[in-house]
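For reference, the structure discussed in these notes is given below.
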Amino acid sequence: MSDEDQAPPSRLTPDDRAQREYIDSETEVELIEAVRAGTPENPVQPVKMTMDDTFNFRCHKAVKCWNECCHGADITLTPNCILRLSKHLGQRPAEFLLEYTVPAEQEKTGLPVAKLKMGGGDGKGPCAFMSDDGCSVYEDRPATCRYYPMGLASVKPKGAEVKEDFFFLVKEPHCCGHQESQSQSVSEFRHAQGLEEYEDVNRGWMDILMKMASWMSLGGPWGQEPTKQVKQMFFMASTDVDALRRFVFGSKFLDTYNVDPEAHEALKTDDVLLLKLGFDWMKNVMFREPTLSMQEHVVQAAVAKVRNDLGAM
Ligand code: SF4
Ligand code: SF4
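Count along the sequence shown starting at 1, add 156, and that's the number in our numbering.
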């Protein structure tokens with residue numbers, strides 16, 4: 157990465173700030189983030205469900221469709237999915253990405269993401285982790301697999317400041333689990349699937365996707381599509397915690413941004429903390445959010461450069 161990539165973003169003018177606030181409040185965004193597919197053969201039941209709504213579903217080895225849903229699945233991996241799956245397999249994230257994922261572009265934002273590779277030449281074959289006994293990485297399976305047969309959508313209506321999550325059922329014809337008598341609320345299902353922890357770690361990443369989807373109405377942040385380098389930085393920060401750590405400790409990052417010195421040691425080993433710092437950094441770089449502040453000497457140097465460029469010095 158060049159010094160240019162690490163350069164702090166320019167400071168916001170009042171007009172910039174007004175534009176950002178306008179985008180934050182006036183755009184309407186919906187991101188469907190945890191659903192395996194949405195095709196005519198694979199319908200999403202268009203019913204908005206809240207945490208207290210209940211549904212019938214149970215999956216167990218005796219169902220005649222056992223493992224069918226683990227073929228040709230469209231699974232976008234969140235940062236936490238990659239962290240947990242690579243640890244489960246005893247791999248570094250870079251090795252995991254190479255062996256088990258394919259790069260893709262997130263539909264509504266154009267941002268790069270990693271999807272779980274499916275077998276078969278056409279990607280309709282079995283997932284590499286599928287076994288006769290079910291999912292061989294069950295304790296660390298991806299968020300989308302945990303959600304199934306539900307989907308999660310994040311919506312930020314016009315005029316609202318924060319997004320709202322809602323849930324819906326995906327009723328695929330082959331899935332017999334819906335015919336089971338076990339009833340549970342959305343909240344009970346989420347808890348049983350361990351989804352709260354996933355969402356906590358991924359929150360910053362989801363915020364970035366939501367913000368990018370908002371800005372797409374102008375063609376990208378501040379009316380411009382993110383550069384290839386910015387997209388690469390986003391991909392690194394959301395998929396490869398080792399590369400992110402090398403960047404933070406091997407570049408001018410800690411000299412540029414105010415990061416609590418007490419956190420430096422923790423960032424050397426705590427992957428989740430580092431991921432959260434990475435998301436704050438990307439929000440600052442992409443949307444000029446005040447999620448990270450620059451050190452005073454960097455601000456002074458930037459001001460001096462602007463004055464110099466204007467011939468004021
Ligand atoms: S990760 Fe596990 S649950 Fe998800 S598709 Fe693969 S085998 Fe199925
Ligand atoms: S298709 Fe449904 S019931 Fe069958 S294995 Fe998958 S989740 Fe379970």
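From the three backbone atoms N, C-alpha and C, an ideal C-beta is built for every residue, glycine too.
| Query | Result |
| --- | --- |
| Strand pairing of residue 447, partner residues [DSSP] | Paired residue(s): none; residue 447 is not in a bridge. |
| Limits of the beta strand (DSSP E) - the one that residue 258 falls within | 257-261 |
| Pair within 9 Å by beta-carbon distance, residue 286 and residue 280 | no |
| Distance cut-off 8 Å: residue 305 Cβ against heavy atoms of ligand 2 | yes |
| Proximity test, residue 366 beta-carbon vs ligand 1 heavy atom, cut-off 8 Å | no |
| Pocket of ligand 1 (residues with CB nearer than 5 Å to any heavy atom), chain order | 226, 229, 283, 285, 286, 291, 297, 301 |
| Nonlocal neighbours in the same chain, by C-beta distance under 7 Å from residue 422, ignoring five residues either side | 429 |
| Cβ-heavy atom distance, residue 293 to ligand 2, below 8 Å | no |
| Which listed residue (216, 220, 236, 215) has its alpha carbon closest to that of residue 394 | 236 |
| Cβ-Cβ distance between residue 392 and residue 441 below 9 Å | no |
| Those runs of the alpha helix (DSSP H) which lie wholly inside the segment 337-371 and span at least 4 residues | 342-348, 351-371 |
| Per DSSP, the bridge partner or partners of residue 270 | 233, 259 |
| Coarse secondary structure for residue 209, derived from DSSP in three states | coil |
| Cβ-Cβ separation, residue 302 to residue 239 (assumed contact under 8 Å), whole Å | About 15 Å separates the two Cβ atoms, so there is no contact after all. |
| CB-CB length for residue 365 against residue 265, believed under 8 Å | 5 Å |
| Neighbour-count burial assignment, residue 176, 16 or more Cβ in a 10 Å radius | buried |
| Candidates 289, 342, 318, of which the one nearest residue 305 by Cα | 342 |
| Inter-stretch contact at 8 Å, needing at least 3 Cβ pairs: the segment 323-340 / the segment 206-222 | yes |
| Nearest residue (CA-CA) to residue 243, options 446, 396, 412 | 396 |
| For residue 394, the first and last residue of its enclosing alpha helix (DSSP H) | 384-395 |
| Pairwise C-alpha distance: residue 181 and residue 316 | 6 Å |
| Close beta carbons around residue 424, own chain, < 6 Å, minus the five adjacent residues each side | none |
| Cβ pair count under 8 Å reaching 3, the segment 374-388 against the segment 410-421 | no |
| Environment of residue 405 [buried if 16+ CB atoms lie within 10 Å] | exposed |
| Any non-hydrogen atom of ligand 2 closer than 8 Å to residue 333 Cβ | yes |
| beta-carbon residue 212 near ligand 2 non-hydrogen atom, thresh 8 Å | no |
| Assigned exposure category for residue 277 - 16 Cβ within 10 Å defines buried | exposed |
| Buried versus exposed call for residue 377 [16 or more other C-beta atoms within 10 Å across all chains shown] | buried |
| Range covered by the alpha helix (DSSP H) that runs through residue 320 | Where residue 320 is concerned, there is no enclosing alpha helix (DSSP H), although the beta strand (DSSP E) it sits in stretches over 320-326. |
| Heavy atom of ligand 2 within 8 Å of residue 453 beta-carbon | no |
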